[in-house]
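> Next up is a structure, given as structure tokens.
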Amino acid sequence: MKSQGLTRFCIFFSLALSAGTTGLWADGTTAIGLFSRRGETILSKEIILRFPIFLSKAYTRAKKGRVMYPNEFARLREEQKIENRVVYKPEEYEKISRLIDGGHLVTGEIFEYEEKKKDEEGGEEAVVPEKKYVYVRLHHYDCSTRKLVTFNIYSQPETILVDMLRNILPLEKDRYLAKPIAGGSKISVIVPLEGVSLNDFYGYLLGHNYDLRVLSGNDMSVHYLNEFEPLRDIDSRRISYTTPKIVDDFSVPPLSAAGDNEANREDYNEFAALWSKKVNGFERELARTLSGIRTRTSADYLIVLRPDGKKSFARGFDLNQGGLIWFQDSFPAKSSSTSDMLEAMVKEMQRPMVTLPEEQFQAIAEEKDRMTAQGASGGLASVAILDFYDRTNTVLYTWLSSSLSAAIDHSMKRIFEYDRANEKLSLEVGGKLFKTPADVNAKTLKEFQKATGADYLIFGFYSVDPKTGNLSIDSKVYDLVKQKGIGGAITESPVDVRLFNSVDEISQGIVQDIFSATQSQTK
Amino acid sequence: MKRILFVLGAALILTACRSTRNNYVIREPIPKNSNIAVLIEGENDLKNAVFMEFMRGGYEVKAFNATDFYTTDDVLDVKSLKKTAFVTNLFDPKNSQRQVAVADKVFENIYKLHLFNFENLKAEMLQSLQKRLGIRYVILLSLSRWDAGYTWARAIKLDNMQLVFVQNLNVSRKDDVKSVVASMIDIMQKGK
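Chains A and B, in that order, give the protein sequences. Residues 1 to 523 (our numbering) are what the first sequence spells out, left to right. Residues 1001 to 1192 (our numbering) are what the second sequence spells out, left to right.
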């Protein structure tokens, strides 16, 4: 307005609520949990294996805290007897919050076209698009806000991993903005303001060069703040922002046998249809309504604002794509007054998300392509595990030599996707090249790599501590491409059932070493 | 409580806004001879006074919201239709009694869609005026708080619901409907 903006926008509630805050970066631990999949495809395996690595790499670069790998999270989860799920119940999230120090949990669902699909008559194969796509639902739970953000990512197999990173990386505490809604944009606004203050707000937006397409205020009716509260949780085609609920019960309740008569059945069918449309089909229904608004107003965005102190929130929808693109629950406002809140909301609507520079995403994409091209079976690392050297000087523990390598292989397979290099060939070549520990050097490692094609080599020694009688296992991990050691650990254990726990520890250590090595390659 | 706060807030707005005599933003002029509909709250004599000013200003004023002896508020309170008594949030994660519920989920979603659809349908209804009556602009005008010392107006181009004019105007004892509406029309036609 001519008298300049919202500073004159003179709304002062008597409540002295403190201003909202902005959490720019989500710090702390981000644990990676279950990624469900429809089948054991190479692509789904690659996503599950590579995503933690690249997320960790990206978070390190963006200084967004530590990534807890799936094996570590699984161990903590199992200790607390929490089930393995993609989306948890509210009380389970509370437990998980304690496990990961109030950090974040990322889980997902991978959907792919099935390779072969029979049509209903069982004859010919159904048409599968020539260019296959993959659809991933990525769930991010923030223990501090108790909110679940779900990204629906539809991409090509070659780009899905980087697209997952692109989506999740900019996420801030209770804020996400897919793209800034800058001045000049065509916007429609729904906001609970009465005539004069709505005019002032519209004047403020016009002053910032927004092209307003009127929804709120196209008649004399007024929304009230409380009417907006249900819009805080929104499921949409692109992004959903919700509070976790009890999900098991979201199905149509069965029709009671006692009330099973024609009239009741009719009512029930009507309700079931409504359920199907409004629960399962909510995202579709919402997209249809948003499309209607787009048709009528030619606006590109629909903005819903609830300026109400600490209870404020903003939601923005892309009317062209029909999905949520902006959510924010706290604002860096000067005060909790409606005018300051609205001013902060408009500023936040224009503030871009902080993410990695594009060249870093490109570097990650190239690294991913390189990893995919390496190794056997479509990019999974090839790992050779040799028998462990027996240094006990007694025949009592000879059996452990091959048992340890088999146990480590078994244990690693539970937490890490890889291909074990040809066992027979590895043992044969290893037996010739590495007769003593002193034989392990760059030259022999290179020869071993050339002969077996493996990316990593694992072996070690075990001996008995004469004082305690415990078994000491010294494991080694080598990067065969770089011909150097990348890790290892010495673990001590009594020779009883506890030995299996030690094997698990060794396996986890090896997997971490391999992860760390792959990360350092692209840093 | 919310409503009380809202009313309180609105009252404070009104008081504070008096400091400025006349605030407006206009995106484009609304030329004479344009077909317009004027939405105004109030009695029929007041409406007539306003319509006369617009007609004197050279506008083709279409009879909308003034086609009978009743006002909208008398026969149909649109506001009450919208207020579906959604007083409390249906889902409360802290209250086990409010957690489950397929039905709650259905109703919650219906409410959300209702809110968006309500806005969509209002726009659709207003745009139907363009097709049926050839109306190009809708002028919303509130003189109901004249006693409190302010009026406001808003103009919407129906082609795409674009907001082309907003104005908040403080009124004094010297003002009358004629002078206030005439000054609004003057701005609308000059476009600056």
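Glycine is no exception: its CB is placed at the ideal position from the N, C-alpha and C atoms.
According to the neighbour-count rule (16 or more other Cβ atoms, all chains shown, within 10 Å of its Cβ), is F500(A) buried or exposed?
exposed
> Y1059(B) touches chain C at which residues, Cβ-Cβ below 8 Å?
Among the protein chains in the structure shown, which are A and B, there is no chain C.
> State the DSSP-derived secondary structure class of I181(A), mapped to helix, strand or coil.
I181(A): coil per DSSP, three-state reduction.
> If you scan the segment 352-429 of chain A from start to end, which runs of the beta strand (DSSP E) of 3 or more residues do you find wholly inside it?
For the segment 352-429 of chain A, whole beta strand (DSSP E) runs of length 3 or above, ordered along the chain, are 382-385.
> Find the residues of chain A that neighbour W1152(B), judging by a C-beta separation of less than 7 Å, and give them in chain order.
Contact of W1152(B) with chain A by beta-carbon distance below 7 Å involves G195, V196 and N199.
> Assuming I1040(B) contacts K1047(B) (C-beta within less than 8 Å), just tell me the rounded distance between them.
Contact holds; Cβ gap of about 6 Å.
> So, helix, strand or coil for A1063(B), using DSSP?
coil
> So what's Y59(A) in DSSP terms, helix, strand or just coil?
Y59(A): helix per DSSP, three-state reduction.
> Is the CB-CB distance between S221(A) and I190(A) below 7 Å?
No, these two residues do not count as a Cβ contact at 7 Å.
> Cα separation between S236(A) and L286(A)?
7 Å
> If E92(A) sits next to I100(A), beta carbons under 8 Å apart, how far is it from one beta carbon to the other, in whole angstroms?
Not quite, the Cβ-Cβ distance comes to about 13 Å (not below 8 Å), so this is no contact.
> How would you write the range of the beta strand (DSSP E) that V106(A) sits in, first residue to last?
H104 to E112
> Thinking C-beta only, is R306(A) closer than 7 Å to F313(A)?
Taking C-beta atoms as the reference points, F313(A) and R306(A) count as a pair closer than 7 Å.
> Interface residues of chain B around E270(A) at Cβ under 8 Å?
Those within 8 Å of E270(A) in chain B number zero; the least Cβ separation is about 12 Å.
> If you count every other CB in all the chains shown that lies within 10 Å of the CB of D479(A), and 16 or more means buried, which is it?
buried
> Note down, in chain order, each residue of its chain lying with its Cβ closer than 7 Å to the Cβ of G1193(B), except the 5 sequence neighbours on either side.
A question about residue 1193(B) goes unanswered here, because the residues of chain B that appear run from 1001 up to 1192.
> With a threshold of 7 Å between beta-carbons, can L319(A) be considered close to chain B, or not?
no
> For A442(A), verify whether its CB is less than 6 Å away from any heavy atom of the ligand ZN.
No copy of the ligand ZN appears in this structure; indeed no ligand is present at all.
> So which residues of chain A does E1124(B) contact, with C-beta pairs closer than 7 Å?
R296
> Classify H410(A) as buried or exposed, calling it buried when 16 or more other Cβ atoms lie within 10 Å of its own Cβ.
exposed
> Tell me, please, whether the CB atom of E285(A) is closer than 7 Å to any CB atom in chain B?
yes
> Skipping 5 residues on each side, what residues in its chain have a beta carbon closer than 8 Å to that of I1187(B)?
Cβ neighbours of I1187(B) beyond the five flanking positions: Y1024, I1026, F1165 and Q1167.
> For G103(A), count neighbouring C-beta atoms within 10 Å of its own C-beta (all shown protein chains included) and say buried if the count is 16 or more, exposed if not.
buried
> Does V495(A) have its Cβ less than 7 Å from a Cβ in chain B?
For V495(A), the nearest beta carbon of chain B is not closer than 7 Å to its own beta carbon.
> Nearest to N441(A) by CA position, among V477(A), P90(A) and L425(A), is which residue?
Considering only alpha carbons, the answer is V477(A).
> Can you tell me the Cα-Cα spacing of L1129(B) and I1135(B), whole angstroms?
6 Å
> I'd like to know whether the C-beta of F1054(B) is nearer than 7 Å to at least one C-beta of chain A.
Taking 7 Å as the threshold, the shortest C-beta distance from F1054(B) to chain A does not fall below it.
> So V214(A) contacts chain B; which residues on that side make the cut at Cβ distance below 7 Å?
I1156, M1161 and L1163
> Which first and last residues belong to the beta strand (DSSP E) in which S492(A) is found?
Reading off the sequence shown, one finds Glu at residue 492(A), where the question assumed Ser. Element bounds for E492(A): K484 to S493.
> Which class does F9(A) belong to by DSSP, given the choice of helix, strand or coil?
For F9(A), the predicted model reports a pLDDT of 38, less than 50, meaning its position is unreliable and no value from the coordinates is stated.
> What in chain A is Cβ-close to E1108(B), meaning under 7 Å?
Here the neighbours are P230.
> Under a three-way DSSP split, which group does I303(A) fall into?
strand
> Would you mind stating whether R213(A) and Q1127(B) have Cβ atoms separated by less than 7 Å?
no
> Among the candidates K45(A), T30(A) and F331(A), whose CA atom is the shortest distance from the CA of A58(A)?
T30(A)
> List, in order along the chain, the chain B residues whose C-beta lies closer than 8 Å to that of T289(A)?
Residues of chain B with a Cβ closer than 8 Å to the Cβ of T289(A) are, in chain order, L1113, F1116, N1117 and N1120.
> Looking only at C-alpha atoms, which of T392(A), W399(A), T452(A) and K482(A) sits nearest to L471(A)?
T392(A)
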